[in-house]
Ligand code: SAH
Ligand code: SF4
């Protein structure tokens, strides 16, 4: 990618750029040509410089440099953003100086759209580096218990939707869930995730007793993923000891959300996410990539929203179309888009916990290993008793449905080692401020 540049071509455009920035933010940017130690101004409103006190400079390649002047010192993040915006203005395309943490929405969109392999590899490498820097080499293991496939909702994308009459429905007893939690504990996992379709199959009271018992007996971190509930119900579960709640917002596009989840509204889902956070849960959300109606622009917005919501965990994976759903026959998410999503989520959220999901492992035999190398730091082995697994079909082709929990335990540990990482046996709580469990 060459970015040769003729100063005369850009000087007048830069002048306009500089004026606009100055009138909007009172910040002056000047363009200079660098010769040895000398910086000669070539564009920008030099006459304004005398009124401004603070300056910083950055040398770009091609002998060009940019100086920023402002009345008082700018927060580091803002200064960095200005340098990056200027760099984009000067060199449309990708920064040759490397891929940065905290990308802008525009940058995220460019990465989502690019098919340039070099660039995609650079993105993956950067995400791996950022993962190491912010969350380290440990891989947190969350044992997943698929408690019930009974669901009152009719989400277009999901095999558990109530309209799917070709599914044998089940509900694990609380005793069975407790035994699965014991298995997770005995396998050295630090967390259990209790997930189910959205229905009133368990009373809140039953769930509270179960959570208390699991916490008391095993000291595991408990995550719930039971869908939309009332605030008082979330509060009761939290008081019983639930540490975390996972609820994907699926897409930030309001219209698409309601189309995919009939009778539900994005606002309500997001409101619940903020209740959960208020109640002191560590909150996880995410999306599916490759679902019909999604655009690169909407995915870029989704990724920025992960950062804006300050999520503790972000679990996203490819959409896999199921035969018994209205989206049968559509194409679904591919490996590269799924890995880009993980990598960009890492760059935007920095220290969120990000799983390499089962759906990713289902579209590619080593999808989860690849995810761990592109920014992910969590893996969620299945702890559901073998006899129920084949009926928890959110999507077809799901891996590990013929295995039992013990098989998953050894497989996952081998996978982590193969990736040159180490399996954590702690709870792997949130690394965001004041969100210790
Ligand atoms: N009922 C709860 C939790 C179970 S569904 C809820 O909906 O929140 C968990 C997640 O599975 C959903 O959030 C969705 O993103 C994912 N999922 C559902 N159908 C899928 C499919 N066909 N392909 C990939 N992921 C799917
Ligand atoms: Fe039910 Fe969740 Fe599937 Fe929707 S995604 S049908 S709420 S299990």
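Residue numbers (the numbering used here): 278 to 714.
Built from N, CA and C at the ideal position, the CB exists for glycine as well.
Residue span of the beta strand (DSSP E) that contains residue i, given as start and end
i	result
residue 559	559-562
residue 468	468-473
residue 309	305-312
residue 342	341-347
residue 482	No beta strand (DSSP E) contains residue 482, which is instead part of the alpha helix (DSSP H) from 481-495.
residue 317	315-320
residue 693	First-last for residue 693: 682-695, but that is the alpha helix (DSSP H), not the beta strand (DSSP E).
residue 522	521-523
residue 421	415-425
residue 255	Outside the shown range of the chain (278 to 714) lies residue 255, about which nothing can therefore be said.
Host alpha helix (DSSP H) of residue i (start-end)
i	result
residue 404	394-412
residue 613	612-626
residue 718	The first residue shown for the chain is 278 and the last is 714, placing residue 718 beyond what the model contains.
residue 458	451-463
residue 377	Careful: residue 377 lies outside any alpha helix (DSSP H) and carries neither H nor E.
Separation of residue j from residue i, as counted between CA atoms
i	j	result
residue 614	residue 564	12 angstroms
residue 292	residue 321	5 angstroms
residue 717	residue 344	Residue 717 lies beyond the residue range present for the chain, which begins at 278 and ends at 714; the question has no answer from this structure.
residue 484	residue 494	15 angstroms
residue 561	residue 315	51 angstroms
residue 417	residue 335	39 angstroms
residue 458	residue 507	26 angstroms
residue 675	residue 635	7 angstroms
residue 387	residue 697	31 angstroms
residue 278	residue 310	Reliability fails at residue 278, whose pLDDT of 34 lies under 50, so the model's placement of it is uncertain and the value that follows must be treated cautiously. So the alpha carbons of these two residues sit roughly 21 angstroms apart.
Candidates the options, of which the one nearest residue i by Cα
i	options	result
residue 629	411, 415, 311, 545	411
residue 367	488, 342, 689, 636	342
residue 517	556, 550, 528, 365	556
residue 619	311, 327, 397	397
residue 303	328, 532, 311, 287	328
residue 633	692, 295, 380	692
residue 467	406, 683, 297, 703	703
residue 657	298, 349, 472, 317	472
Distance cut-off 8 angstroms: residue i Cβ against heavy atoms of the ligand SF4
i	result
residue 504	yes
residue 448	no
residue 434	yes
residue 474	yes
residue 546	no
residue 438	yes
residue 538	yes
Near the ligand SAH: residue i beta-carbon under 8 angstroms from a heavy atom
i	result
residue 715	Not covered by the structure: residue 715. The range shown for the chain is 278 to 714.
residue 598	yes
residue 348	no
residue 602	yes
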